[in-house]
Structures are given as structure tokens and as C-alpha cells.
Amino acid sequence: MIPAKDTNVGAKESGTGSASACAKNTLAWTLNDGVVELALHRSPCNELGSASLEELEEFVTALARMQDAAHALIIYSEMKPGFCAGADLRELYLRSQAMERSEAARGVRDFLERIHRVFNMIDAAPLTTIAAVHGVTFGGGFELALTCDLIIADKMARFCFPELRLGLIPGFGGIPRLKRDLGNAVVRDLLLTGRSFNANKAQQVGLVSQVVGEGEALRAARATAAQLKKFDRATAVAAKRFIKPIPHEELRQEIELFCELFASPAVEAGLRRFVESTDAQPYLP
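And the structure:
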């Protein structure tokens, strides 16, 4: 599902029974019966580059308008390989090669600050947010899932921070959000080894709230969203604000550390190896 141009259907966005839809080149969203669904559909595996970021910025602006008519947000992928493979490293490398080093560094910082704003808005949204994930949930895709209140994973999902192989750390807010949600031992394991967790392991450590059969994550997320409609929304919003603070200071520190590491020759070499790889899915560990 990659439409050639933007479409808007049913612009009505008030009342819990309202319906609206918007399709973009890398993602699409709908509002129906109080549930916002954000579908990622950029081939091959929803890599997050400049086009995706621009459309995510449009989405969170629209979400601010829709949230009074909604009680839940579901984020999922329509791509077979998985939820999201992370940042668009090819775009990052090619852009950095086409610029002076100082200009490239400014571009990276700007991108990080923009995507942090988007992820923070999803994280803090006064809705119950659910990531329905399958397959590859790596790097920036893992970080997007971590913005959600609940992660529902099909049994084939895999979670990983492969940035270590590039000489980098996660840059879209992954470290502070993992520290907020899980024990430091789990954070160190994912961050320092670069290895992946399967869905069962992710549930054991408290990352995933529910593991379902292959291809069943979206169905389970929709069932959960329907259940949430039965409860008082104001109570859910208050509870979320209490148990899920945004770690703003640590998020700012993460940007600084990422930008510092990005300037190293090891990162340029790692990105070059990635771009020149002939593997069909070079992001796999």
C-alpha cells in the first residue's frame, strides 16, 4: 500500500463514532470508532528516513486533532519483513558523503531533534497506545515501539539494537525509554551486545505485554483497543501520566552522545560497509 499521492477521506474528526483516513507515501492513518490506526508501508521494511519523518510529523499534528475523538492508537506495519528495520542508513550515509563534515553533523542533529519531538508526542499522547509488531523490530523501529504503552508481538518478532556494529548508540530515544521501562541489566544486554531478543524473551523481561500467533498481532491489538473503550478515559490518562514520565533530560543527553559518536571515522566506515553490503537484509545481526 504505497499510494501515488496524498488522499483524504471523510475529514470528520469529532465524536467517537466518526471516521477519517489519510494515506501518504510511507504511512497511512485512520480514525474509526475511537481508535486511531497508523499503518507503516514503506518498502522494504519501513526504514525511517527524511520522507518518513516528514509524514510522521504530519501524523502527530493530525493526532492532536483526532485525540479528543479517540481512546486508543495502534501502530503496525503492512510490510512482510517486519515492523521497522530502523533508520534509513543508506540515506544517512549518502547525504553525509555529499556534504561538508560540519554540515552533515548539523543535518544529523536536526533530524534527531525532529524525530525526538515526534516520538515524544506519541509517548505522551492522552490515549492508550499499542505497537502491534511482527518480524524485524530493530533500531529506530524498536525505539518507535518503545514510545507505546503496550507492545503486542507475534511469535516471530525480534527486537535488537544493531547500532553497535556501526559504532553508534540508538539515537531515537531508545536508551532512556528502555531504562524507564526495564531493568538496567536488560538495557546493557541489548545495547552492548547488539544481539536480538525473540518475542518470548521480550515478554519474559517485561518488554512485551502479549505474545500471539504469527500474523495475529494486529487482531490482538484491535481486540485490546475495543476492551479499553469500556473504561473511563480520564482515569487511563491520569494513570499514564503518573506511571510513564517522559525522560526529557536523558533524551537530550542521548542526542549529544549520538552526535559526538557520529563524527568518528569508525561510524563512516560502518555505514560504508552497510551500504556496500550485498545481503538482501543487511540489518539482520
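For the sequence shown, counting from 1, position 72 maps to 72 in our numbering; every step adds exactly one.
Even for Gly, the Cβ is constructed at its ideal location relative to N, Cα and C.
Predicted model, so just to flag it, every value in this text is computed and none were measured.
Own chain partners of residue i with C-beta closer than 7 Å, once the 5 adjacent residues on each side are dropped
i: A266; result: G167
i: A64; result: none
i: G270; result: R165, L166, G167
i: V60; result: V118, M121, I122
i: D88; result: E47, L48, G49
i: E276; result: none
i: G17; result: Reliability fails at G17, whose pLDDT of 46 lies under 50, so the model's placement of it is uncertain and the value that follows must be treated cautiously. Once the five neighbours on either side are set aside, the close Cβ partners of G17 are D33.
Span of the alpha helix (DSSP H) around residue i
i: S20; result: From DSSP, S20 is part of no alpha helix (DSSP H) but of the beta strand (DSSP E) over 19 to 23.
i: L257; result: 248 to 262
i: V267; result: 265 to 276
Delimiting residues of the beta strand (DSSP E) encompassing residue i
i: L40; result: 35 to 40
i: A85; result: That residue, A85, is in no beta strand (DSSP E); it is neither H nor E in DSSP.
i: I130; result: 128 to 133
i: F231; result: Segment: none, F231 is in no beta strand (DSSP E) and carries neither H nor E.
i: L31; result: 27 to 32
i: V211; result: 210 to 212
i: V205; result: Premise fails: V205 is in no beta strand (DSSP E) and is neither H nor E.
Buried versus exposed, by CB contacts within 10 Å (16 or more), residue i
i: Q253; result: exposed
i: L99; result: Sequence check: residue 99 is Met here, not Leu. Exposed: under 16 other Cβ atoms inside 10 Å.
i: K230; result: exposed
i: R158; result: buried
i: C45; result: buried
i: T193; result: exposed
i: G174; result: buried
i: R272; result: exposed
i: H116; result: buried
i: F172; result: buried
i: H304; result: An answer regarding residue 304 cannot be provided, because it is not within the stretch 1 to 285 covered by the chain.
i: F242; result: exposed
i: A220; result: buried
i: E143; result: buried
i: N8; result: With a pLDDT of 43 at N8, under the threshold of 50, the predicted position of this residue should be treated as unreliable, though the coordinate-derived value follows. Exposed is the call here.
i: K12; result: No answer about K12 holds up, because its pLDDT of 40 lies below 50 and its placement is not dependable.
i: T26; result: buried
i: E256; result: exposed
Contacting residues, own chain, Cβ-Cβ under 8 Å from residue i (five flanking each side not counted)
i: K5; result: Reliability fails at K5, whose pLDDT of 38 lies under 50, so the model's placement of it is uncertain and the value that follows must be treated cautiously. So no residue of the chain qualifies.
i: C259; result: A105, V108, R109, L112
i: A288; result: Within the shown structure, residues of the chain are numbered from 1 to 285, placing residue 288 beyond reach of any answer.
i: R95; result: A104, G107
i: L228; result: H71, A72, T128, A236
Presumed contact (8 Å Cβ cut-off) between residue i and residue j, rounded CB distance
i: D154; j: G213; result: 6 Å
i: P126; j: Q67; result: 6 Å
i: T129; j: L73; result: 4 Å
Close Cβ partners of residue i (< 6 Å) along its chain, the five nearest in sequence each way excluded
i: T147; result: F119, I122, D123
Within-8 Å CB hit, residue i to chain C
i: E103; result: The chain labelled as chain C is not found in the depicted structure, where only one protein chain is given.
Distance cut-off 7 Å: residue i Cβ against heavy atoms of the ligand ATP
i: A225; result: Absence of the ligand ATP from the depicted structure is noted, as is the absence of any ligand whatsoever, leaving it without description.
**Prompt:** Mind pulling the beta strand (DSSP E) runs of 3 or more residues that sit fully within the stretch 60 to 110?
**Reply:** 72 to 77, 82 to 84
**Prompt:** Unbroken beta strand (DSSP E) runs of length 3 or more, entirely within the stretch 141 to 184: which are they?
**Reply:** 150 to 154, 158 to 160
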